[in-house]
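In UniProt numbering, the protein residues as written are 1 to 207.
What follows is a single structure, written as structure tokens, with notes after it.
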């Protein structure tokens, strides 16, 4: 990097000035180039520590968290704390919409937002989301934190459910039922009779 910076500097010298790598001019400007590179690296490091997404030091991240009143817990990993801080910042501009909730779930589970499905239900005040079966493996915060963060992101009187796609049963709304072909002999086997043509339930992260 220093060599590239030095070359850039020497290009500004008049054409009659010696500027090959063995010349005194090049050696003098090489020291300047190194100083410039070091300064840029330090500025980049400072910039990284000022961003909660890129901070690598807990102390730096804590300063960012302090601004939104979120502090690290004893023994908490930096990644767990980072996600709580990022969610707090996102809430500053959040309106509690479905799109906002998709962003929170995506961030907390470390998955692409497009892999999350919002499922319309007939229950008033209940929002249900479906996530891939391996999504919980990426959860850096505790499951209780996951539940609390989502609950605190919704309007009063509303609930959020996140189901993991481990079962073959697919939730269907009343409109689905009215507009598609249905077989009344097939359904979820809630009595353990061995008939599971209608599917088995997915596990629930929260409800």
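Don't be surprised by glycine CBs; every beta carbon is placed ideally from N, CA and C.
Since this is a predicted model, take the numbers as computed values, not measurements.
Rounded separation between residue i and residue j - CA only
{"i": "residue 110", "j": "residue 4", "result": "38 Å"}
{"i": "residue 97", "j": "residue 32", "result": "53 Å"}
{"i": "residue 91", "j": "residue 112", "result": "19 Å"}
{"i": "residue 162", "j": "residue 50", "result": "33 Å"}
{"i": "residue 71", "j": "residue 123", "result": "36 Å"}
{"i": "residue 54", "j": "residue 63", "result": "13 Å"}
{"i": "residue 121", "j": "residue 157", "result": "16 Å"}
{"i": "residue 34", "j": "residue 134", "result": "47 Å"}
{"i": "residue 80", "j": "residue 154", "result": "21 Å"}
{"i": "residue 75", "j": "residue 99", "result": "32 Å"}
{"i": "residue 114", "j": "residue 30", "result": "49 Å"}
{"i": "residue 57", "j": "residue 65", "result": "12 Å"}
Check whether residue i and residue j have beta carbons under 9 Å apart
{"i": "residue 126", "j": "residue 159", "result": "yes"}
{"i": "residue 108", "j": "residue 67", "result": "no"}
{"i": "residue 132", "j": "residue 94", "result": "no"}
{"i": "residue 89", "j": "residue 150", "result": "no"}
{"i": "residue 78", "j": "residue 102", "result": "no"}
{"i": "residue 116", "j": "residue 106", "result": "yes"}
Residue i classed as buried or exposed, judged by whether at least 16 other C-beta atoms fall within 10 angstroms
{"i": "residue 82", "result": "buried"}
{"i": "residue 24", "result": "exposed"}
{"i": "residue 152", "result": "exposed"}
{"i": "residue 144", "result": "exposed"}
{"i": "residue 73", "result": "exposed"}
{"i": "residue 59", "result": "exposed"}
{"i": "residue 1", "result": "For residue 1, the predicted structure reports a pLDDT of 47, less than 50, and the residue's modelled location is therefore unreliable. The matter cannot be settled from this model."}
Residue i: CB within 8 Å of a non-hydrogen atom of the ligand NAD
{"i": "residue 75", "result": "With respect to small molecules bound, the structure shown includes none, and the ligand NAD cannot be examined in it."}
Nearest-angstrom Cβ-Cβ length linking residue i and residue j, presumed shorter than 8 Å
{"i": "residue 52", "j": "residue 86", "result": "6 Å"}
{"i": "residue 147", "j": "residue 84", "result": "Rounded, the Cβ-Cβ distance is 13 Å, inconsistent with contact."}
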